[in-house]
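Written below as structure tokens is the structure these notes are about.
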Amino acid sequence: MLLSSVQEVKKIYSALTSLPETAFGEEGKHIQELCPRLAEQYDDSDPGILVALITMNYLVLEAGESLYIPADGIHAYLAGDIIECMARSNNVLNTGFCPRADRNNIELFISCLTFTPHSAGESMLRPKTYPRSLKGKSILYAPPLSEFDMLQTSLEAGEKEILKGFEGPAVFVATKGNAALKANGKVYNVREGSVFFVAHGTELELESLEGGFLMHTAFVEGGTE
409 MLLSSVQEVK KIYSALTSLP ETAFGEEGKH IQELCPRLAE QYDDSDPGIL VALITMNYLV
469 LEAGESLYIP ADGIHAYLAG DIIECMARSN NVLNTGFCPR ADRNNIELFI SCLTFTPHSA
529 GESMLRPKTY PRSLKGKSIL YAPPLSEFDM LQTSLEAGEK EILKGFEGPA VFVATKGNAA
589 LKANGKVYNV REGSVFFVAH GTELELESLE GGFLMHTAFV EGGTE
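Residue numbers (my numbering): 409 to 633.
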């Protein structure tokens with residue numbers, strides 16, 4: 409599909425949009441809705457449309473939901489705002505949903521992919537309780553790789569949270585509202601968009617101000633011998 413010519417992609421796109429909704433079955437019922445949306449957002453000659461519609465799962469995430477994408481996993485975010493945790497040195501290969509001049513080598517892209525089939529539900533991460541959350545206001549999203557652990561801390565106006573020190577470095581971003589933060593004997597005003605580095609072993613005390621507060625923390629903890 410990625411090697412298809414502009415004319416071939418347009419022909420297949422036209423054929424897909426001409427099919428009745430019943431032709432796609434329950435698992436493919438999103439295809440008719442996505443076809444014109446992707447064509448408008450990108451172009452009906454973009455081979456990424458065919459790859460997305462025919463080979464990829466389609467998910468609509470609600471606020472607070474999370475998924476795990478393994479290394480070499482093909483994916484595309486179509487709309488909305490997310491918090492994404494990824495390695496700083498990651499290289500990204502693009503072969504669709506971008507101008508043709510910006511596309512990487514298709515053979516290299518295909519050689520890197522993992523072709524393990526799975527359902528949309530298998531990609532989802534279920535939140536867990538976080539034992540170092542002393543007020544119970546933080547939940548943990550823990551993928552199979554520990555270096556991508558993520559906390560979500562959600563506070564209503566006036567609520568408090570205490571996070572015991574991490575066994576490694578952490579970075580948090582305030583994604584909504586304002587809060588007062590106490591750490592190492594100092595008080596900080598945390599606002600939406602604020603980003604803080606948290607050193608190993610640093611305890612955090614948070615108190616939400618008017619309007620509530622939401623933050624996401626990425627952290628890495630060393631194993632014990």
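Beta carbons: idealized from backbone N, C-alpha and C, even for Gly.
Keep in mind it's a predicted model, so treat the numbers as computed, not measured.
Start and end residues, beta strand (DSSP E) containing residue 546: Where residue 546 is concerned, the enclosing beta strand (DSSP E) stretches over 546-549.
For residue 632, the three-state DSSP class (helix, strand or coil): In this predicted model, residue 632 has a pLDDT of only 45, less than 50, meaning its place in the structure is not dependable; the value taken from the coordinates is given anyway. Note: residue 632 maps to coil in three-state DSSP.
Environment of residue 449 [buried if 16+ CB atoms lie within 10 Å]: Here residue 449 is exposed. Its C-beta has fewer than 16 other C-beta atoms within 10 Å.
Proximity to residue 444 [Cα-Cα], best of 542, 434, 623, 458: Residue 444 has its Cα closest to that of 458, out of 542, 434, 623, 458.
Distance, residue 474 Cα to residue 426 Cα: If you take the alpha carbons of residue 426 and residue 474, they lie about 34 Å apart.
The alpha helix (DSSP H) enclosing residue 448, as first and last residue numbers: 439-449 is the extent of the alpha helix (DSSP H) around residue 448.
Spatial neighbours of residue 411 in its chain, beta-carbon cut-off 7 Å, leaving aside the 5 residues before and after: Excluding sequence positions up to five before and after residue 411, its CB lies within less than 7 Å of the CB of 514, all in the same chain and listed in chain order.
Endpoints, alpha helix (DSSP H) assigned at residue 486: Element bounds for residue 486: n/a, residue is neither H nor E.
For residue 559, the first and last residue of its enclosing beta strand (DSSP E): DSSP places residue 559 in the uninterrupted beta strand (DSSP E) bounded by 557-563.
Start-to-end residues for the beta strand (DSSP E) that takes in residue 580: In this chain, the beta strand (DSSP E) harbouring residue 580 covers 578-591.
Euclidean distance between Cα positions of residue 532 and residue 612: Each residue's alpha carbon lies about 29 Å from the other.
Contact test: residue 569 Cβ vs the ligand ZN heavy atom, cutoff 7 Å: This structure simply doesn't include the ligand ZN, nor any ligand for that matter.
One or two residues paired with residue 606 in a DSSP bridge: In DSSP, residue 606 forms a bridge with 578.
Residue 416 - DSSP class collapsed to helix/strand/coil: In the structure shown, residue 416 sits in a helix (DSSP, three-state: H, G or I).
Where residue 424 sits in the DSSP three-state scheme: DSSP places residue 424 in helix when its eight states are reduced to three.
Residue 571 versus residue 478: straight-line alpha-carbon distance, rounded: Using only the alpha carbons, I get a separation of about 28 Å.
C-alpha gap between residue 490 and residue 623, whole angstroms: Each residue's alpha carbon lies about 12 Å from the other.
CA-to-CA distance, residue 552 to residue 428, given in whole angstroms: C-alpha of residue 428 to C-alpha of residue 552: approximately 40 Å in a straight line.
Proximity to residue 627 [Cα-Cα], best of 586, 452, 581, 594: The alpha carbon of residue 627 has as its nearest neighbour, out of 586, 452, 581, 594, the alpha carbon of 581.
Backbone secondary structure at residue 433 - three-state DSSP: The three-state secondary structure of residue 433, taken from DSSP, is coil.
Proximity to residue 573 [Cα-Cα], best of 590, 563, 488, 565: With distances taken between Cα atoms, residue 573 lies closest to 590.
Buried versus exposed call for residue 562 [16 or more other C-beta atoms within 10 Å across all chains shown]: Its Cβ being crowded by 16 or more others within 10 Å, residue 562 is buried.
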